[in-house]
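Chemist:
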Amino acid sequence: MTKPNETQWSTSTQRLAALIVGDLLVILSFVWIGRSSHSLSITDIGASLSTALPFILGWFLIMPWFGIYNAEISHDWKKLIPRLIIGWLVAGFVALNLRALFLGRPMISGILPTFAFVSMGYIGLLAMAWRLVSVWWMHRRQENRGASV
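According to this note's numbering, the sequence shown holds residues -13 to 135 in order.
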């Protein structure tokens, strides 16, 4: 028989894993769509990872500081959205500078403005949409559980 705290731990772990996978898919979709739009192979794993890595590092180094993986925040859109916006502005800046560094370009001045605009906009808006769907889904599941009890 499962103890209540074990079930709760399992559920919270599953939710956290879902958020992490969803966030990774947002970043990877940017890379895949970007590479495709420039007629570059998306099957070139090394090149795709070299594009994705600065954004993955920027996201996962910075965004936890803004609490977006905290259950109280990640399940409340009013708390989540401001943190997501401000956090992504910081994380995106870090990611763009990491990318410049990885490419051997000067930080800040080595960032192409169009690339910065597209990457910040795409990842930011898609992350917001994904996270709002996640909040909706979590509330829906909680309502369904409450109705079945």
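Beta carbons: idealized from backbone N, C-alpha and C, even for Gly.
Being a predicted model, the structure only gives us computed values, none of them experimental.
Nearest by alpha-carbon distance to aspartate 62: which of Leu26, Asn130, Val76 and Arg117 is it?
Modeler: Ranking Leu26, Asn130, Val76 and Arg117 by Cα distance to aspartate 62 puts Arg117 first.
Chemist: Kindly indicate which residue of Asp9, Thr(-1) and Ala4 has the alpha-carbon position closest to the one of tyrosine 108.
Modeler: Comparing Cα-Cα distances from tyrosine 108 to each of Asp9, Thr(-1) and Ala4, the minimum goes to Asp9.
Chemist: Taking DSSP as the reference, what is the three-state secondary structure of tyrosine 55?
Modeler: It is coil, neither helix nor strand.
Chemist: Indicate whether the contact test is met: 3 or more Cβ pairs, each with one atom in the region 40 to 54 and one in the region 6 to 24, closer than 8 angstroms.
Modeler: Result yes; three or more Cβ-Cβ pairs closer than 8 angstroms.
Chemist: Specify, as a first and last residue, the run of the alpha helix (DSSP H) that isoleucine 42 falls within.
Modeler: 31 to 48 is the extent of the alpha helix (DSSP H) around isoleucine 42.
Chemist: Report yes or no: do three or more beta-carbon pairs, one from the region 121 to 129 and one from the region 46 to 56, lie closer than 8 angstroms?
Modeler: These segments do not touch.
Chemist: Skipping 5 residues on each side, what residues in its chain have a beta carbon closer than 7 angstroms to that of arginine 85?
Modeler: So the list reads Pro40, once near-sequence residues are dropped.
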